[in-house]
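Working notes, structure below.
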Amino acid sequence: MNDELASPSVRRALVADVVCVILFATMGRASHGEALSPGGLLRTGTPFVLGLVVGWVIVVTARVAALRWLAGVVLWASTLIVGMVVRYFTGQGVAVIFVIVAACFLALTLIGWRAVAAAIRAVRRKERP
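Counting in full-length UniProt numbering, the sequence shown runs from 1 upward without gaps.
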């Protein structure tokens with residue numbers, strides 16, 4: 001197991017990624033007027049959480065720095081692809097517009113928060129004497 005996985009910052013990254021996926025499922029259900037029940041959120045979110053898990057396995061196995069943009073790209077791609085494949089094989093919708101919206105939202109969140117964090121780290125480095 002990657003020692004980096006034990007660090008607090010990596011654990012926070014994992015939590016942030018899970019929050020992004022849960023937010024995606026919640027906003028999707030809300031935008032379609034679907035119930036925000038635990039069962040409904042579980043049904044909608046599970047395919048994407050599975051994809052996120054696959055992505056984290058790749059990130060850890062390949063020793064990609066979890067806080068870097070490359071990890072975000074790996075996690076975005078795995079979350080989107082695995083999520084859509086699972087949805088397809090479980091009879092859930094995979095309309096083209098849904099795939100586009102999912103791709104955009106997941107990229108914005110899974111890659112986006114890492115970009116913001118990198119910018120903050122860069123500013124802090126410049127401020128140090």
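For every residue, glycine included, the Cβ atom is placed at its ideal position computed from N, Cα and C.
Within the same chain, show all residues whose beta-carbon is closer than 8 angstroms to that of residue i, passing over the 5 residues directly before and after it, in chain order.
i	result
L23	T109
R68	R114, A118
Quick check on DSSP: helix, strand or coil for residue i?
i	result
residue 141	As shown, the chain starts at 1 and ends at 129. That puts residue 141 outside it, with no answer to give.
S37	coil
V82	helix
R63	coil
Apply the 10 Å Cβ neighbour rule to residue i and answer buried if 16 or more other Cβ atoms are within range, or exposed otherwise.
i	result
P38	exposed
M1	For M1, the predicted structure reports a pLDDT of 46, less than 50, and the residue's modelled location is therefore unreliable. The matter cannot be settled from this model.
What span of residues does the alpha helix (DSSP H) with residue i cover, start to end?
i	result
T90	Taken as a continuous stretch (DSSP letters only), T90 belongs to no alpha helix (DSSP H), as it is neither H nor E.
T109	First-last for T109: undefined, no H or E at that position.
R29	8-31
In chain order, what residues of the same chain have a beta carbon less than 6 angstroms from the beta carbon of residue i, not counting five sequence neighbours either side?
i	result
G51	S78, T79, V82, G83
Ignore the nearest five residues each way along the sequence and tell me which others in residue i's own chain have a CB closer than 7 angstroms to its CB.
i	result
R124	none
Since residue i and residue j should fall inside the 8 angstroms C-beta cutoff, what is the C-beta to C-beta distance between them, to a whole number of angstroms?
i	j	result
V74	G55	5 angstroms
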